[in-house]
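S.K.: In numbering that gives the first Met the number 0, the protein residues as written are 0 to 186. Even glycine gets a Cβ: it sits at the ideal position worked out from N, Cα and C.
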Amino acid sequence: MNFIKTDLLDVYILEPKVFGDSRGWFMESWNQRTMEQAGLFYHFVQDNQSFSARKGTLRGLHFQKGEDSQAKLVRCARGAVFDVAVDLRKGSPTYQKWTGVELSAENKRQFLIPRGFAHGFLTLTDNVEFLYKADRFYAPEADRSIRWNDPEIGVDWGITDPILSEKDRKAPSFADCDADFQYEVKK
């Protein structure tokens, strides 16, 4: 597994080693020992999968607050997405900044997003299957969102009229999103 640092502190792109032959291919998508050897300590408790039928579907920006905050390891199993993480940790050198990466069935990349970040993705193809691991269970009472086109964050999605859920259409601004994260310097 190749671990690539991004412009945001603690956010990584993971490139698995893919082994192929005439039958197809094999890759290890998750190995706790490998992660820990890289200094990344996560214990994932829930796997989720979503399907988006149409190109231009945007899901996000989502996070869970407080004790229910989630770290996520995400990947695209079918099609392609533009995946985004936004640093919500007050005091972080990258607070309110975002980074994005293309994840696809073809490139097999994964995106590791720690607690204290909002997450969202835009489908770049039809018929997208998206997988993600979370280190905390889904907690509806802690579920929060931020408007996808909030000018304070300024994510460049490359689209002006995405397909949105009602929840995402009505999401609050960054200023009103109720994020309560603090950056902690690692020792």
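With a threshold of 8 Å on Cβ separation, who are the neighbours of residue 90 within its own chain once the five nearest residues in sequence on each side are excluded?
M.R.: The residue you call residue 90 lines up with position 91 of the sequence shown. For residue 90, where only same-chain residues beyond five positions count, the Cβ hits under 8 Å are 181 and 182.
S.K.: Considering only C-alpha positions, which residue in the set 171, 7, 0 and 141 is nearest to residue 85?
M.R.: Counted from its first residue, the sequence shown places residue 85 at position 86. It is 7 whose Cα lies nearest to the Cα of residue 85.
S.K.: Can you pull the DSSP bridge partners for residue 42?
M.R.: In the sequence shown, the residue the question calls residue 42 occupies position 43. BP columns for residue 42 are empty, so no partner.
S.K.: Hey, quick one: how far does the alpha helix (DSSP H) through residue 35 stretch, first residue to last?
M.R.: As a working mapping, residue 35 is identified with position 36 in the sequence shown. Note, residue 35: alpha helix (DSSP H), 31-36.
S.K.: Between which residues of its own chain and residue 47 is the CB-CB distance below 6 Å, once the five residues before and five after are set aside?
M.R.: As a first step, residue 47 must be located in the sequence shown, where it is residue number 48. For residue 47, where only same-chain residues beyond five positions count, the Cβ hits under 6 Å are 131.
S.K.: From the DSSP secondary-structure annotation, give me the bridge partner or partners of residue 1.
M.R.: Position 2 of the sequence shown, counted from the start, is the residue given in the question as residue 1. 14, per the DSSP bridge assignment.
S.K.: Can you find the residues in the same chain that come closer than 6 Å, C-beta to C-beta, to residue 56, ignoring five residues on each side of it along the sequence?
M.R.: Counted from its first residue, the sequence shown places residue 56 at position 57. Result list for residue 56: 122 and 162, in chain order.
S.K.: Could you work out which residue in 68, 32 and 119 is closest to residue 138 when comparing CA atoms only?
M.R.: Position 139 of the sequence shown, counting from 1, holds the residue named residue 138. Selected option, being the one with the closest Cα: 68.
S.K.: Are the Cβ atoms of residue 65 and residue 174 separated by less than 8 Å?
M.R.: Along the sequence shown, one-based indexing puts residue 65 at 66. Along the sequence shown, one-based indexing puts residue 174 at 175. Not closer than 8 Å, so no.
S.K.: When DSSP labels each residue in this structure, what does residue 174 get in the three-state scheme?
M.R.: Here residue 174 corresponds to residue number 175 of the sequence shown, with the count starting at 1. In this structure, residue 174 counts as helix in the three-state DSSP scheme.
S.K.: Nearest-angstrom Cα distance between residue 179 and residue 77?
M.R.: Here residue 179 refers to the residue found at position 180 when the sequence shown is read from its first residue. Here residue 77 refers to the residue found at position 78 when the sequence shown is read from its first residue. Taking the straight line from one Cα to the other gives about 34 Å.
S.K.: What did DSSP end up calling residue 78 once you bin it into helix, strand or coil?
M.R.: Counted from its first residue, the sequence shown places residue 78 at position 79. The answer is coil: DSSP assigns residue 78 none of H, G, I, E or B.
S.K.: Which parts of the region 46-78 are runs of the beta strand (DSSP E), unbroken and 3 residues or longer, counting only runs that do not cross its ends?
M.R.: Listed in chain order, they are 57-63 and 71-77.
S.K.: Rounded to whole angstroms, what is the Cα-Cα separation between residue 127 and residue 104?
M.R.: Indexing the sequence shown from 1 puts residue 127 at position 128. Indexing the sequence shown from 1 puts residue 104 at position 105. Approximately 9 Å, taken between the alpha carbons.
S.K.: What would DSSP say about residue 86, mapped onto helix, strand or coil?
M.R.: Locating residue 86 in the sequence shown gives position 87, where the first residue counts as 1. In this structure, residue 86 counts as strand in the three-state DSSP scheme.
S.K.: Please classify residue 129 as buried or exposed, where buried requires at least 16 neighbouring CB atoms within 10 angstroms.
M.R.: Within the sequence shown, numbered from 1, the residue matching residue 129 stands at position 130. Label assigned to residue 129: buried.
S.K.: Note down the Cα distance separating residue 70 from residue 106, rounded to an integer number of angstroms.
M.R.: Locating residue 70 in the sequence shown gives position 71, counting from the first residue. Locating residue 106 in the sequence shown gives position 107, counting from the first residue. Distance between the alpha carbons of residue 70 and residue 106 is about 22 Å.
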